[in-house]
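Number of protein chains: 2
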Amino acid sequence: MPNNHAYCIIMAGGIGSRFWPISRAGLPKQFLDFSIQGRSFLRRTYDRMKAVIPEENILVVTLERYREQVVSQLPELPEENLLLEPYNRNTAPCIAFATYAILQRDPAAVTVVTPSDHAIARHEVFNRTLLDAIAYAEGSDALITLGVVPTRPDSNFGYIQMAGHPEPGSPVKVKTFTEKPDAELARVFIETKEFLWNSGIFVWRAEAIRRALEKYAPEITRLWDGWRDVLGSENEKPFLERIYTDMPRISIDYAVMEKTDNAWVYPAEFRWADIGNWESLYEYLAYHDEQGNALNRTSRRLLKDCSDNIVYSTRDDKLLALRGMEDFIVIDTDDVLMICPRDEEKLKDFLSQLAMPEYEEYR
Amino acid sequence: MPNNHAYCIIMAGGIGSRFWPISRAGLPKQFLDFSIQGRSFLRRTYDRMKAVIPEENILVVTLERYREQVVSQLPELPEENLLLEPYNRNTAPCIAFATYAILQRDPAAVTVVTPSDHAIARHEVFNRTLLDAIAYAEGSDALITLGVVPTRPDSNFGYIQMAGHPEPGSPVKVKTFTEKPDAELARVFIETKEFLWNSGIFVWRAEAIRRALEKYAPEITRLWDGWRDVLGSENEKPFLERIYTDMPRISIDYAVMEKTDNAWVYPAEFRWADIGNWESLYEYLAYHDEQGNALNRTSRRLLKDCSDNIVYSTRDDKLLALRGMEDFIVIDTDDVLMICPRDEEKLKDFLSQLAMPEYEEYR
Numbered sequence: 410m411p412n413n414h415a416y417c418i419i420m421a422g423g424i425g426s427r428f429w430p431i432s433r434a435g436l437p438k439q440f441l442d443f444s445i446q447g448r449s450f451l452r453r454t455y456d457r458m459k460a461v462i463p464e465e466n467i468l469v470v471t472l473e474r475y476r477e478q479v480v481s482q483l484p485e486l487p488e489e490n491l492l493l494e495p496y497n498r499n500t501a502p503c504i505a506f507a508t509y510a511i512l513q514r515d516p517a518a519v520t521v522v523t524p525s526d527h528a529i530a531r532h533e534v535f536n537r538t539l540l541d542a543i544a545y546a547e548g549s550d551a552l553i554t555l556g557v558v559p560t561r562p563d564s565n566f567g568y569i570q571m572a573g574h575p576e577p578g579s580p581v582k583v584k585t586f587t588e589k590p591d592a593e594l595a596r597v598f599i600e601t602k603e604f605l606w607n608s609g610i611f612v613w614r615a616e617a618i619r620r621a622l623e624k625y626a627p628e629i630t631r632l633w634d635g636w637r638d639v640l641g642s643e644n645e646k647p648f649l650e651r652i653y654t655d656m657p658r659i660s661i662d663y664a665v666m667e668k669t670d671n672a673w674v675y676p677a678e679f680r681w682a683d684i685g686n687w688e689s690l691y692e693y694l695a696y697h698d699e700q701g702n703a704l705n706r707t708s709r710r711l712l713k714d715c716s717d718n719i720v721y722s723t724r725d726d727k728l729l730a731l732r733g734m735e736d737f738i739v740i741d742t743d744d745v746l747m748i749c750p751r752d753e754e755k756l757k758d759f760l761s762q763l764a765m766p767e768y769e770e771y772r
Numbered sequence: 410m411p412n413n414h415a416y417c418i419i420m421a422g423g424i425g426s427r428f429w430p431i432s433r434a435g436l437p438k439q440f441l442d443f444s445i446q447g448r449s450f451l452r453r454t455y456d457r458m459k460a461v462i463p464e465e466n467i468l469v470v471t472l473e474r475y476r477e478q479v480v481s482q483l484p485e486l487p488e489e490n491l492l493l494e495p496y497n498r499n500t501a502p503c504i505a506f507a508t509y510a511i512l513q514r515d516p517a518a519v520t521v522v523t524p525s526d527h528a529i530a531r532h533e534v535f536n537r538t539l540l541d542a543i544a545y546a547e548g549s550d551a552l553i554t555l556g557v558v559p560t561r562p563d564s565n566f567g568y569i570q571m572a573g574h575p576e577p578g579s580p581v582k583v584k585t586f587t588e589k590p591d592a593e594l595a596r597v598f599i600e601t602k603e604f605l606w607n608s609g610i611f612v613w614r615a616e617a618i619r620r621a622l623e624k625y626a627p628e629i630t631r632l633w634d635g636w637r638d639v640l641g642s643e644n645e646k647p648f649l650e651r652i653y654t655d656m657p658r659i660s661i662d663y664a665v666m667e668k669t670d671n672a673w674v675y676p677a678e679f680r681w682a683d684i685g686n687w688e689s690l691y692e693y694l695a696y697h698d699e700q701g702n703a704l705n706r707t708s709r710r711l712l713k714d715c716s717d718n719i720v721y722s723t724r725d726d727k728l729l730a731l732r733g734m735e736d737f738i739v740i741d742t743d744d745v746l747m748i749c750p751r752d753e754e755k756l757k758d759f760l761s762q763l764a765m766p767e768y769e770e771y772r
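Quick note, the sequences are listed as chains A and B, same order. Taking the numbering used here, the leading residue of the first sequence gets 410, the next gets one more, and so forth. Taking the numbering used here, the leading residue of the second sequence gets 410, the next gets one more, and so forth.
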């Protein structure tokens with residue numbers, strides 16, 4: 410039986426440029442499909458959430474400039490469920506906006522908040538965890554995060570330390586949050602077994618996070634004075650435009666979760682990846698050959714004397730004929746061909762050069 | 410004062426596939442522009458010839474399948490000056506066809522025969538040589554070739570040995586023809602100073618080459634029995650279709666020039682290149698940077714830690730961002746990305762793999 414008080418906020422306003430030239434200013438990662446299955450990260454997120462949340466309760470928050478992308482990828486999304494921020498101000502302002510919009514509809518709402526650009530597998534585990542978390546949140550003021558049981562010491566993720574031992578189906582109090590530890594610290598974290606990956610997925614009563622925001626982030630909620638009258642009215646757009654000009658850029662972790670003494674975490678063993686850099690893309694790509702090349706497709710290619718490359722073309726019908734390449738990243742899009750050694754430092758430095766104004770037209 | 414008996418045959422039926430994926434079965438080299446000047450080899454050839462030959466006397470011979478390409482690149486070409494061969498049978502049959510067509514118009518014609526896919530510079534020298542050769546041919550039965558004074562021992566070209574010392578403005582008798590000597594022999598050729606590069610450009614009276622073809626290549630001219638009645642009639646197309654089925658594949662050098670005792674050569678110092686392989690393309694490309702990279706353009710590129718590469722994109726507006734590549738060929742077209750070490754053997758072998766039936770759609 411669906412829980413009609415269960416809502417979901419899909420945050421789809423990211424402007425990430427880490428995967429340029431695959432992602433662009435006008436087409437960030439959440440709208441892309443890195444796999445051969447033909448569904449973007451956003452589309453997958455929506456489909457995942459609708460297995461747990463009534464569709465009419467799923468809201469998408471994005472930037473005005475991405476409106477068309479969302480509408481074309483989620484044609485069934487009711488117009489009133491699409492919230493448009495004028496600017497990206499990180500997750501806390503985004504969550505405040507969507508929380509007010511939900512409270513206006515249902516003061517008893519329980520809300521799941523999720524990024525739109527992560528990869529998740531083992532859906533039955535994911536769904537069960539989410540349902541447990543919703544049930545728990547409904548009867549409390551707990552601010553809950555989903556924590557992923559880590560499989561390796563990865564220094565690209567945030568970590569959550571549990572204050573005790575988890576019981577199946579119950580959350581554990583959070584002891585600490587740590588953003589991207591160094592490799593050594595990440596290894597220690599894994600060894601203690603007290604740490605989980607921070608999935609960026611939250612569950613709480615809308616009223617509970619509203620009060621927490623008012624307490625810990627008044628610089629945000631102050632700007633929202635009078636929201637009940639404004640939201641849904643003809644004044645909404647100029648109001649948003651005005652308050653977002655002054656809105657601080659701040660993440661929900663920093664604004665609330667690291668400050669509250671009511672943060673809880675549900676440890677879960679679904680498979681999760683925040684594909685945040687090229688190495689995680691290498692792992693994620695659909696096809697790996699015996700020479701360690703990772704590609705986004707299996708056909709229309711001839712790789713000879715090639716090993717350990719990432720080869721990615723946005724054109725399905727393009728023939729990729731490569732010989733004698735080792736440890737390179739080869740990205741072919743309609744308007745950019747990028748070839749660079751698969752080396753974090755070289756890539757970073759090369760991409761920063763390519764972000765110079767003279768290449769502006771390709772952003 | 411233009412010589413109204415001067416004619417030109419531009420041979421534009423080549424089906425070369427050596428520059429795949431830049432050239433294609435449907436778009437061979439003569440229709441391409443390897444430079445940034447925007448004119449194809451065919452267009453340049455036509456423009457070069459019209460400086461010397463009356464435009465109404467310039468004929469283009471191509472294959473039926475390339476008709477549209479020629480018409481779009483030479484819109485001013487009168488329809489009756491476009492001769493269409495049903496199949497490619499090398500240069501001797503092509504020259505026979507065009508010679509008959511010219512003789513039907515003007516029995517006193519002097520004809521220049523030229524390939525359509527060579528690069529030529531120093532036009533004033535070229536034009537002067539051509540005018541000298543036309544004047545000489547008009548008063549004789551000489552079968553004349555233009556020989557280019559070589560600047561290096563290149564084993565990709567054919568060589569012509571002179572039977573004596575050249576006098577300015579006069580041709581020299583040909584002693585021998587040698588196709589593509591090995592590197593050692595090419596060096597000896599250069600040292601003797603008796604050898605010239607065979608430019609593939611011929612000058613002769615139409616009647617003289619007709620008689621020479623009848624004498625040395627009766628297997629071709631026999632098929633043309635009755636040509637005076639057929640050419641220009643409604644029977645021309647089925648006639649061509651029929652005789653080309655039996656037409657031998659043979660070059661004019663092999664069919665006539667190596668057999669006649671009336672072959673002459675005009676030594677000339679214009680700049681000439683038969684861009685017949687990737688190394689000659691490297692030399693020919695419009696832009697060379699200080700690291701020895703050759704590109705077909707100067708803008709929309711970022712090459713870092715790259716040296717001695719050939720980088721070629723058919724898309725003007727595509728950004729080429731390469732790092733850490735050395736001695737590679739990088740060819741980007743709309744439907745093929747080819748990257749291969751700049752090594753003749755590796756390229757040849759790779760291209761032969763890419764010519765397999767499974768890549769048929771990209772030919």
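Don't be surprised by glycine CBs; every beta carbon is placed ideally from N, CA and C.
Residue 574 of chain B burial status per 10 Å Cβ neighbour count (16 or more: buried): The residue labelled residue 574 of chain B in the question sits at position 165 within the second sequence. By the 10 Å Cβ count, residue 574 of chain B comes out exposed.
Nearest-angstrom Cα separation, counted from residue 683 of chain A out to residue 717 of chain B: In the second sequence, residue 717 of chain B corresponds to position 308, counting from 1. In the first sequence, residue 683 of chain A corresponds to position 274, counting from 1. Approximately 39 Å between the Cα atoms of the pair.
Neighbouring residues, chain A, relative to residue 722 of chain B (Cβ below 9 Å): Counting from one through the second sequence, the residue named residue 722 of chain B turns up at place 313. Correct list: 746.
Best match in A:647, A:415, A:585 for proximity to residue 512 of chain A [C-alpha to C-alpha]: Translated into the one-based positions of the first sequence, residue 512 of chain A becomes position 103. Nearest of A:647, A:415, A:585 to residue 512 of chain A, Cα basis: A:415.
The region 608-621 of chain B touching the region 709-727 of chain B, judged by at least three CB pairs closer than 8 Å: no
Residues, ordered as in the chain, of the region 746-762 of chain B that lie near chain A by beta-carbon distance below 7 Å: 746, 747, 748, 749, 750, 755, 759, 762
Sub-8 Å separation of residue 443 of chain A and residue 690 of chain A beta-carbons: As a first step, residue 443 of chain A must be located in the first sequence, where it is residue number 34. As a first step, residue 690 of chain A must be located in the first sequence, where it is residue number 281. Yes, the Cβ-Cβ distance between residue 443 of chain A and residue 690 of chain A is below 8 Å.
Proximity test, Cβ basis, 8 Å: residue 768 of chain A and chain B: Taking the first residue of the first sequence as position 1, residue 768 of chain A is located at position 359. Residue 768 of chain A counts as touching chain B.
Residue 674 of chain B, buried or exposed, once every other Cβ within 10 Å from all chains shown has been counted against 16: Mapped onto the second sequence, residue 674 of chain B falls at position 265. Buried: at least 16 other Cβ atoms inside 10 Å.
Residue 420 of chain B burial status per 10 Å Cβ neighbour count (16 or more: buried): On the second sequence, residue 420 of chain B is found 11 positions in, with the first residue counted as 1. Its Cβ being crowded by 16 or more others within 10 Å, residue 420 of chain B is buried.
Any C-beta of chain A under 8 Å from that of residue 771 of chain B: For this step, residue 771 of chain B is matched to residue 362 along the second sequence. Yes - at least one Cβ of chain A is within 8 Å of the one on residue 771 of chain B.
Contact the region 573-587 of chain A vs the region 620-628 of chain A: 3+ CB pairs below 8 Å: no
Distance between residue 756 of chain B and residue 467 of chain A (C-alpha atoms, nearest Å): Residue numbering aside, residue 467 of chain A sits at position 58 when the first sequence is read from its first letter. Residue numbering aside, residue 756 of chain B sits at position 347 when the second sequence is read from its first letter. When rounded, the distance between both Cα atoms is 55 Å.
Beta-carbon gap between residue 493 of chain B and residue 473 of chain B smaller than 8 Å: Position 84 of the second sequence, counting from 1, holds the residue named residue 493 of chain B. Position 64 of the second sequence, counting from 1, holds the residue named residue 473 of chain B. Cβ atoms of residue 493 of chain B and residue 473 of chain B: closer than 8 Å.
For residue 659 of chain A and residue 626 of chain A, believed in contact at Cβ under 8 Å, the rounded distance: The residue labelled residue 626 of chain A in the question sits at position 217 within the first sequence. The residue labelled residue 659 of chain A in the question sits at position 250 within the first sequence. Residue 626 of chain A to residue 659 of chain A, Cβ: 7 Å. Contact.
Straight-line gap, residue 726 of chain B to residue 602 of chain A (C-alpha atoms, nearest Å): Taking the first residue of the second sequence as position 1, residue 726 of chain B is located at position 317. Taking the first residue of the first sequence as position 1, residue 602 of chain A is located at position 193. Roughly 52 Å separates the two Cα atoms.
Which residues DSSP lists as bridging residue 570 of chain B, in chain order: Numbered from 1 along the second sequence, position 161 holds the residue referred to as residue 570 of chain B. Answer by DSSP bridge pairing, in chain order: B:585, B:604.
Residue 523 of chain B beta carbon less than 8 Å from that of residue 471 of chain B: Within the second sequence, residue 471 of chain B is the residue found at index 62, counting from 1. Within the second sequence, residue 523 of chain B is the residue found at index 114, counting from 1. It is not a contact, given that the beta carbons lie outside the stated cut-off.
Alpha-carbon to alpha-carbon, residue 747 of chain A and residue 568 of chain A: Indexing the first sequence from 1 puts residue 568 of chain A at position 159. Indexing the first sequence from 1 puts residue 747 of chain A at position 338. Between residue 568 of chain A and residue 747 of chain A, the C-alpha separation is close to 33 Å.
Residue interval of the beta strand (DSSP E) (run including residue 522 of chain A): Taking the first sequence and counting its residues from 1, one reaches residue 522 of chain A at position 113. Here the beta strand (DSSP E) through residue 522 of chain A covers 519-524.
Under 8 Å between C-beta atoms of residue 571 of chain B and residue 605 of chain B: Position 162 of the second sequence holds residue 571 of chain B. Position 196 of the second sequence holds residue 605 of chain B. Their beta carbons are under 8 Å apart, which means residue 571 of chain B touches residue 605 of chain B by this criterion.
Opening and closing residue of the alpha helix (DSSP H) in which residue 506 of chain B lies: Position 97 of the second sequence holds residue 506 of chain B. Here the alpha helix (DSSP H) through residue 506 of chain B covers 500-514.
Residues sharing a beta bridge with residue 749 of chain B, DSSP: To locate residue 749 of chain B, count along the second sequence from 1; it is residue 340. BP columns for residue 749 of chain B point to B:738.
Continuous beta strand (DSSP E) stretch holding residue 420 of chain A: start and end: Position 11 of the first sequence, counted from the first residue, corresponds to residue 420 of chain A. From DSSP, the beta strand (DSSP E) with residue 420 of chain A extends over 415-420.
Any C-beta of chain A under 8 Å from that of residue 442 of chain B: On the second sequence, position 33 is the one that residue 442 of chain B refers to. No, residue 442 of chain B lies away from the interface with chain A (no Cβ there is under 8 Å from its Cβ).
Residue-level contact to chain B via CB, residue 703 of chain A, 8 Å cutoff: Here residue 703 of chain A refers to the residue found at position 294 when the first sequence is read from its first residue. Not an interface residue.
DSSP beta-bridge partners of residue 756 of chain A: In the first sequence, the residue the question calls residue 756 of chain A occupies position 347. For residue 756 of chain A, which the question treats as bridged, DSSP gives no partner whatsoever.
For residue 554 of chain B and residue 666 of chain B, believed in contact at Cβ under 8 Å, the rounded distance: By 1-based counting over the second sequence, the position of residue 666 of chain B is 257. By 1-based counting over the second sequence, the position of residue 554 of chain B is 145. So it is a contact: roughly 7 Å between Cβ atoms.
Buried or exposed (CB count within 10 angstroms, at least 16 for buried), residue 423 of chain B: Here residue 423 of chain B corresponds to residue number 14 of the second sequence, with the count starting at 1. Classification of residue 423 of chain B: buried, given that the 10 Å Cβ count is 16 or more.
Short CB-CB distance (under 8 Å) between residue 420 of chain A and chain B: Within the first sequence, the letter at position 11 stands for residue 420 of chain A. Output row for residue 420 of chain A: interface = no.
Nearest neighbour of residue 631 of chain A, chosen from A:733, A:509, A:600, A:527 [CA to CA]: Position 222 of the first sequence, counting from 1, holds the residue named residue 631 of chain A. Measuring from the Cα of residue 631 of chain A, the nearest candidate turns out to be A:509.
Proximal residues, the region 725-737 of chain A versus chain B, C-beta separation under 9 Å: 726, 727, 728, 729, 730, 731, 732, 733, 734, 737
Nearest-angstrom beta carbon gap, residue 709 of chain B and residue 728 of chain B [assumed within contact, 8 Å]: The count along the second sequence starts at 1 and reaches residue 728 of chain B at position 319. The count along the second sequence starts at 1 and reaches residue 709 of chain B at position 300. Going by Cβ atoms, the distance from residue 728 of chain B to residue 709 of chain B rounds to 5 Å, so yes, they are a contact pair.
Where residue 560 of chain B falls, given that 16 or more other Cβ within 10 Å makes a residue buried: Residue numbering aside, residue 560 of chain B sits at position 151 when the second sequence is read from its first letter. Flag for residue 560 of chain B reads exposed.
Length of the line joining the Cα atoms of residue 528 of chain A and residue 681 of chain A: Looking up residue 528 of chain A in the first sequence gives position 119. Looking up residue 681 of chain A in the first sequence gives position 272. Roughly 6 Å between the two C-alpha positions.
Residue from A:628, A:649, A:629 whose Cα sits closest to the Cα of residue 638 of chain A: Residue 638 of chain A sits at position 229 when you count from the first residue of the first sequence. Of the candidates A:628, A:649, A:629, the one whose C-alpha sits nearest the C-alpha of residue 638 of chain A is A:649.
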